[in-house]
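In our numbering, the protein residues as written are -15 to 43.
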């Protein structure tokens, strides 16, 4: 996803930017947002079901 703005990914999958941010945060629990180092990842795994096809450069 490097180089892809959240807004572009959200539009491409017909979801809100918050959904993209949440999905990325759930998939990368070891990474934290600056200023939110004490926020832990959810305990249970999350299944993503996004409509559409991802851009070919992300596959």
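C-beta: ideal position from N, C-alpha, C; glycine also.
Please read all numbers here as calculations on a predicted model, not as lab measurements.
- Contact annotation: residue -9 and residue 36 have beta-carbon atoms that are not nearer than 8 angstroms.
- With a threshold of 16 other beta carbon atoms within 10 Å, residue 11 falls short and is exposed.
- Residue 33 carries a coil assignment under DSSP once its states are collapsed to helix, strand and coil.
- Cβ-Cβ distances below 8 angstroms link residue 5 to -10 in the same chain, with the five nearest sequence neighbours on each side left out; the list follows chain order.
- Judged by DSSP secondary structure, residue 3 falls within the alpha helix (DSSP H) whose first and last residues are 1 to 11.
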